[in-house]
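Below you'll find the structure, written out as structure tokens, and then a few comments.
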Amino acid sequence: MATNLVSQIMDFLTPDIISRIAGYFGLDRYSTQKAIGASVPAMLAGLVGLASKPEGAKQLSSVLSQQPSGTLDNLRSLTTGTEQRAVAENGAGLLSTLFGGNIFNSVAGAVGKYAGIGEGTSKSMLGMLAPLVLGTVAQQQRQSGLDASGLSSLLTSQKDNIVAAMPSGFGNMLGGTGILDSLGDAWRSTTAAASAGAGRFASSASESTADARRATQYAARDTSRATSSGWLPWALGLLVLAGLAWWLTSQPGNRVAQQPATNVAQNLTVGGVNISTQVTSAINSMKSAIQGISDPTTAQAALPRLQQAAAQLDNVSGLAVQLPSNGRNALASRVASEIPALDRDFNSVMSNPEVAAVVGPEINGLRTKLNALARG
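Sequential numbering of the sequence shown, starting at 67, is according to this note's numbering.
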């Protein structure tokens with residue numbers, strides 16, 4: 067299986083470790099998880115940019131070679147505030163050296179704004195997470211015997227995973243930092259797709275409103291003609307209906323969604339397996355599991371269904387690469403249409419700190435998988 071550094075890092079962040087980080091900073095779990103969810107892909111994007119330059123790759127390779135082989139195990143055992151503070155300070159200093167002080171400060175400011183925490187806290191948060199991110203990359207480098215060039219290739223291969231893990235709205239806050247430049251086409255294609263989608267929606271709404279207005283005008287004209295021909299009651303009825311149609315399409319909260327012209331299930335079969343059916347099953351499992359969560363006990367009971375959904379999405383991702391382009395586009399549209407509702411359910415569950423401690427890592431993993439599929 068291809069390496070996914072984002073998943074490896076997030077898997078390390080167990081509920082216990084997240085609780086310790088939250089406790090150290092005096093934050094609630096939701097704010098902590100939000101800050102972590104933004105910090106990890108931002109740091110990895112910064113490393114991609116650093117390793118894209120020969121001298122930067124050598125510098126990073128040298129730094130990683132100095133990471134002790136037991137870094138990750140040591141992070142699990144951090145318990146005292148003194149130990150955590152030392153890790154945060156050393157990590158912040160290292161990131162400032164690697165990225166440059168101005169970029170590090172800008173990234174910290176973006177994380178702080180996104181998570182609703184102070185910039186000083188976000189700097190320390192980035193510093194505390196730095197050994198985890200660098201230690202995970204160093205572990206991969208050692209296991210694969212990578213030199214500086216190989217390290218650059220490894221990080222370059224992570225662009226899609228990093229983009230998929232970038233929280234919605236956070237990328238805009240990083241716009242002036244230069245961090246996202248390293249993601250190149252992977253990031254541009256995502257933002258272009260989002261802009262195109264918004265443009266198509268606006269255009270469709272405008273056209274619908276214009277059509278309704280024209281219908282109203284025609285109805286008014288026909289009403290005038292009908293007055294002298296005895297058909298006034300019918301014309302008035304038509305005018306009322308046309309006016310109602312215009313009102314519905316002009317009200318943001320009352321637009322009637324247009325039905326897709328094509329069946330999204332078409333061209334979604336690989337080796338006799340209907341991928342659309344698997345996606346539906348995974349989404350239903352997620353919805354059913356989330357809706358049954360009300361406290362830590364029910365959250366624990368929901369974990370197997372969430373894990374089953376994650377396994378189904380992994381299977382879908384493996385099959386999706388064999389689809390033709392129109393099939394991949396149909397699959398991406400299918401998944402993208404479900405994400406807003408799922409995000410609302412996820413956010414509702416994650417707003418309870420005790421529940422988030424149980425299902426938070428699993429939900430973050432599901433979000434990453436869904437966003438990757440939605441990008442096609």
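Where is the CB? At the ideal position from N, CA and C, for every residue including glycine.
- The beta carbon of K179 lies closer than 7 Å to those of M239 in the same chain, with the five residues before and after it left out.
- Segment contact: the stretch 104 to 121 against the stretch 70 to 77, three or more CB-CB distances shorter than 8 Å; contact assigned.
- R95: member of the alpha helix (DSSP H) spanning R95 to A117, first to last residue.
- Excluding residues up to 5 positions away in sequence, Y96 lie with their Cβ nearer than 8 Å to the Cβ of S417 in the same chain.
- For N70, same chain residues with a beta-carbon under 7 Å away, outside a window of 5 residues either side, are N227 in chain order.
- Bounds of the alpha helix (DSSP H) holding P362 are P362 to A386.
- By the neighbour-count criterion, in which a residue is buried when 16 or more other Cβ atoms sit within 10 angstroms of its Cβ, N437 is buried.
- Between I87 and G393, the alpha-carbon positions lie close to 43 Å from each other.
- Straight through space, the alpha carbons of G250 and A377 are spaced by roughly 30 Å.
- Looking at the DSSP output, V336 sits in a beta bridge with V339.
- Taking C-beta separations shorter than 8 Å and ignoring five residues to either side along the sequence, the partners of I359 in its chain run A365, A368, V415, V421 and V425, following chain order.
- Nearest to A152 by C-alpha distance, out of A104, M194 and A230, is M194.
- Here P427 carries a helix assignment [DSSP, helix/strand/coil].
- Within the same chain, A117 and A123 come within 6 Å of S218 by CB-CB distance, once the 5 residues on both sides are set aside.
- Within the stretch 182 to 208, no alpha helix (DSSP H) run of at least 4 residues lies entirely inside it.
- Per DSSP, the unbroken alpha helix (DSSP H) holding D82 starts and ends at P81 to F91.
- Across the structure, V339 and L372 are spaced so that their CA atoms are roughly 22 Å apart.
- With fewer than 16 other CB atoms across the displayed protein chains lying within 10 angstroms of its CB, R410 is exposed.
- The stretch 185 to 205 makes contact with the stretch 134 to 142; the number of CB pairs closer than 8 Å reaches 3 or more.
- When the five nearest sequence neighbours on each side are left out, the beta carbons in the same chain lying within less than 7 Å of the beta carbon of P197 are those of T137, L141, V153 and G157, in order along the chain.
- Counting the other Cβ atoms within 10 Å of the Cβ of G201 gives 16 or more, which makes it buried.
- Considering only V345, R441, D213 and V106, the residue with the shortest C-alpha distance to K189 is V106.
- In the structure shown, M352 adopts helical secondary structure according to DSSP, grouped into three states.
- Within the model, the alpha-carbon separation for V336 versus G186 is close to 50 Å.
- Excluding its 5 nearest sequence neighbours in each direction, S85 has C-beta neighbours in its own chain below 8 Å: R95 and A423, listed in chain order.
- G92 sits exposed, since fewer than 16 C-beta atoms from the chains shown fall within 10 Å of its C-beta.
- Selection I429, G147, A230 and Q132 evaluated against P370 yields I429 as nearest (Cα-Cα).
- Only residues of its own chain outside the window of five on either side were considered, and among them G426 have a CB closer than 6 Å to the CB of Q99, listed in chain order.
- The C-beta distance from A214 to S351 rounds to 43 Å, too long to fall under 8 Å, and the pair is not in contact.
- With respect to the 8 Å criterion, S248 and G442 are not classified as neighbours on the basis of their beta carbons.
- When C-alpha distances from L130 are compared across T222, L212 and T80, the shortest belongs to L212.
- A straight line joining the alpha-carbon of Q344 with that of V382 spans about 7 Å.
- In the three-state scheme derived from DSSP, where H, G and I count as helix and E and B as strand, L130 is classed as helix.
- Counting only the Cα atoms, G241 lies some 14 Å from A104.
- Here V401 is near A440, since their CB atoms are less than 8 Å apart.
- With a 10 Å radius around the Cβ and a threshold of 16 neighbouring Cβ atoms, G89 comes out exposed.
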